[in-house]
Each structure stands twice: as structure tokens, then as C-alpha cells.
């Protein structure tokens, strides 16, 4: 590589780094396994244990909003109709030691739910027979094309992030949820205050 080419390459690299600081793209996720609704609770619990902790679906930054029974039923019915986009079939978790057990972190081991709590909760209620889309339990649908064991309909893709600093995880959460209809200003303000408190604690701890 000639000197002019090297200078051009370094300039492009610096520009990309500047843009990434502004845009804050989602960190790459190495593995994105998929699990059926019937298996997802057990699979995630076992994965969390393998990662040295528990499955935490309600970390302190999770929003207080909970879907009503009508919203839960509608979500299941829309899954059956095939009108739920793939982006709504993704569950996001974080594990600070995903790539290395020696990483310095102020987050717990195991898995913390970052996005998808209401979808996950709805799936478990349907599998337990607590939600009846169109008046049917999941057992009524066994053997049909709507069988809960079908990967075509009833499947979540799981994304595991590897943020090791809580402040970085909170920044991701806020970036992901700002501007959403369901997430109120009060909820965003609550997590923003939590972020400010966390940054202060991390600074004192030298993280």
C-alpha cells in the first residue's frame, strides 16, 4: 500500500469511527439461535445457567408497561394470521461474559432481558393454556398447521448482546426505545435517571 493509499484508508477508518459514535449501530451478535414457544423458557433458563447465572426477565431498567389480556390474545391471533413481522419475533438478552468469563463487569452473569418481555410472557401464557386465540387452547390446535410445536409459526429468534458495562447497556436500551408509542416519556426519563446514576457509580469504581 502506497503512502497516499494508506492516508486515504486511515482517513476513511477515522470517518467510520466518527459516524459509528453518532449512529450507534447495534453491536454484532455472533449467535442467534431460534426456539419454539413451547421450548423457549427451558432453553433460556438452561442457557443462563450455562453462562453462570439466572434468567432475569425483569431487570431494573425494564419498563413498567404490561400488555393487557386483550393485547396478549391479539398478538397470538396475529401470529396465527401470519401478519406479525419478523422483527417482533426477536428476543434480546444481554450477557457480559458471553465472550470471556474474565471480563470486568458491573452486570450479573446469566441473561438479562433487554427487549421482548411482553412477547415472551404472552408466549408462555399461551403454552400454559391461559390464552385462547379465537377460543382455542394450544391443545385444541395439536396436529393442525397451527400446532404449537410448529417452527413455521411459533418461534422466537434469540439475540444475545455482550455489554459488560451497565451504562452501555442502558444507552442501548434507551436508543432502542426512544420515540416508541408504548414507551412513555416518564419511562424513558426513569431509565435516563438510572443511566446517570450508573455512570456516576462506574466512574467511582474506575470502570
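Residue numbers (this note's numbering): 2 to 208.
C-beta atoms are modelled at their ideal positions from N, C-alpha and C, and glycine is treated no differently.
When you compare only the Cα positions, how much space is there between residue i and residue j?
i           : j           : result
residue 144 : residue 168 : 47 angstroms
residue 33  : residue 156 : 12 angstroms
residue 105 : residue 165 : 7 angstroms
residue 149 : residue 37  : 8 angstroms
residue 122 : residue 54  : 20 angstroms
residue 176 : residue 78  : 30 angstroms
residue 102 : residue 151 : 35 angstroms
residue 209 : residue 11  : Here the chain comprises residues numbered 2 to 208, so residue 209 is not present and cannot be evaluated.
residue 99  : residue 52  : 7 angstroms
residue 14  : residue 21  : 11 angstroms
residue 68  : residue 196 : 25 angstroms
residue 141 : residue 170 : 41 angstroms
Does the Cβ of residue i have 16 or more other Cβ atoms within 10 Å, making it buried, or fewer, making it exposed?
i           : result
residue 9   : exposed
residue 139 : buried
residue 136 : exposed
residue 206 : exposed
residue 49  : buried
residue 4   : exposed
residue 204 : exposed
residue 16  : exposed
residue 39  : buried
Based on Cα-Cα distance, which residue from the options lies nearest to residue i?
i           : options              : result
residue 97  : 91, 109 and 88       : 109
residue 172 : 25, 4 and 18         : 25
residue 35  : 193, 187 and 87      : 87
residue 190 : 204, 203 and 174     : 174
residue 72  : 126, 60, 107 and 91  : 126
residue 133 : 193, 83, 70 and 170  : 70
residue 199 : 40, 91 and 61        : 61
residue 92  : 194, 192, 201 and 42 : 42
Given the structure, does residue i come close to the ligand FMN, in the sense that its CB is under 8 angstroms from one of the ligand's heavy atoms?
i           : result
residue 200 : Of ligands this structure carries none, so the ligand FMN is not represented either.
For residue i, list the residues DSSP reports as bridge partners.
i          : result
residue 20 : Residue 20 pairs with nothing; no bridge assigned.
residue 1  : The chain is shown from 2 up to 208; residue 1 falls before or after that span and cannot be answered.
residue 95 : 113 and 162
residue 56 : 112
Using a Cβ-Cβ cut-off of 7 angstroms (strictly less than) and excluding sequence neighbours within five positions of residue i, which residues of its own chain qualify?
i           : result
residue 154 : 80, 81 and 147
Leaving out five residues on either side along the sequence, give the residues of the same chain with a beta carbon under 8 angstroms from the beta carbon of residue i.
i           : result
residue 94  : 45, 112, 113, 114, 115, 159, 160, 161 and 162
residue 18  : none
residue 63  : 114 and 118
residue 182 : Caution is warranted here: a pLDDT of 47 is assigned to residue 182, below 50, making its placement in the model unreliable, and no coordinate value can be reported.
residue 59  : 114 and 118
So, for residue i: in the same chain, excluding its five sequence neighbours on each side, which residues have a beta-carbon less than 6 angstroms away from its beta-carbon?
i           : result
residue 130 : 138
residue 76  : 123
residue 85  : 79
Give a yes or no on whether 9 angstroms exceeds the smallest Cβ distance from residue i to chain C.
i           : result
residue 116 : Protein chains in the displayed structure number just one, and chain C is not present.
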